[in-house]
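Single-structure report; data block below.
Protein chains: 2
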Amino acid sequence: MSFYAKHVFFCCNQRDGGERPSCNAKGASQMRDYAKGRIKKLGLAGEGKVRINKAGCLDRCELGPVVVVYPQGTWYTYVDETDIDEIVESHLANGKIVERLLIDQPA
Amino acid sequence: MSFYAKHVFFCCNQRDGGERPSCNAKGASQMRDYAKGRIKKLGLAGEGKVRINKAGCLDRCELGPVVVVYPQGTWYTYVDETDIDEIVESHLANGKIVERLLIDQPA
Chain A
1 MSFYAKHVFF CCNQRDGGER PSCNAKGASQ MRDYAKGRIK KLGLAGEGKV
51 RINKAGCLDR CELGPVVVVY PQGTWYTYVD ETDIDEIVES HLANGKIVER
101 LLIDQPA
Chain B
1001 MSFYAKHVFF CCNQRDGGER PSCNAKGASQ MRDYAKGRIK KLGLAGEGKV
1051 RINKAGCLDR CELGPVVVVY PQGTWYTYVD ETDIDEIVES HLANGKIVER
1101 LLIDQPA
């Protein structure tokens, strides 16, 4: 079993200029902080449960802002707290993937 | 299938003081850069292959420095480039877990 049942990595890469878009310029760090707070408040944080982390560039910038949930390998994009709420409450709390936010088609 | 066959997160958290040890104070950022360079040199970087990332605190500080490989959920510690070489060449290139560096007992 995985140490964390759901280990969530927010790309928080900050680009200043250049051709590729920047997840962090679209609010990634704030949304990561928001998700972390929600998970803590719901009592879902810790071993065997959920961990929220920031990460460097996940190299899917054009689809960003992106977040990936492991070990499931589920990639999402999001716009605002409403989207984060849905990922938290549906996927992280209840194991149900949020299809409308997926960036990859289901296999 | 996972977008990256092996997605590797190095805890690069820097703590200045406090009771818990700091992965970054033990060379995590340098080892992450070293691993990234090795993967690139071996032609293993990219979609369907390997991605090396830095991450914030993975909350296993006492066992650090730590690195986790997803979607397998394999957690390692390491000391130096020799250990990173073994993780790269055995696990990341050839799919064979490096048992001596595991921080969790195999299930």
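One line per chain: the protein sequences are A and B, in this order. According to my numbering, the stretch in the first sequence is residues 1 to 107, in order. According to my numbering, the stretch in the second sequence is residues 1001 to 1107, in order. Note that the Cβ used here is the ideal one computed from N, Cα and C, for glycine as well. The model shown is predicted, which means the values in this text are computed figures rather than measured ones.
Helix, strand or coil: which one does DSSP assign to Arg-1100(B)? In the displayed model, Arg-1100(B) falls within a helix according to three-state DSSP.
Can you pull the chain A neighbours of Gly-1073(B), defined as C-beta to C-beta under 9 Å? Met-1, Ser-2, Phe-3, Tyr-4, His-7, Tyr-70 and Pro-71
Give me, in chain order, the residues of the same chain whose beta-carbon lies closer than 7 Å to that of Ile-97(A); leave out the 5 immediate sequence neighbours on both sides. Thr-74 and His-91
Counting only beta-carbon separations shorter than 8 Å, does Asn-24(A) have a partner in chain B? no
Can you pull the chain A residues whose beta carbon is under 7 Å from the beta carbon of Asp-1059(B), in chain order? Arg-51
Decide if Arg-20(A) is buried, meaning its Cβ has at least 16 other Cβ atoms within 10 Å, or exposed. exposed
For Asn-53(A): DSSP bridge partner residues: Phe-9(A), per the DSSP bridge assignment.
For a contact defined as C-beta to C-beta under 8 Å, what are the partners of Gly-1056(B) on chain A? Asn-53, Lys-54 and Ala-55
At the 8 Å Cβ level, is Asp-33(A) part of the contact set with chain B, yes or no? Interface criterion not met: the Cβ of Asp-33(A) is under 8 Å from no Cβ in chain B.
Taking the continuous beta strand (DSSP E) assigned at Tyr-1076(B), which residues delimit it? 1074-1077
Residue range of the alpha helix (DSSP H) that includes Tyr-1034(B): 1028-1041
Quick one: residues in its chain with C-beta nearer than 8 Å to the C-beta of Tyr-78(A), no 5 flanking neighbours on either side, listed in chain order? Met-31, Pro-65, Val-67, Ile-84, Ile-87 and Leu-101
Could you give the distance in angstroms between the alpha-carbon of Asp-16(A) and the alpha-carbon of Arg-60(A)? If you take the alpha carbons of Asp-16(A) and Arg-60(A), they lie about 17 Å apart.
Members of the segment 1077-1104 of chain B near chain A, C-beta cut-off 8 Å: Asp-1104
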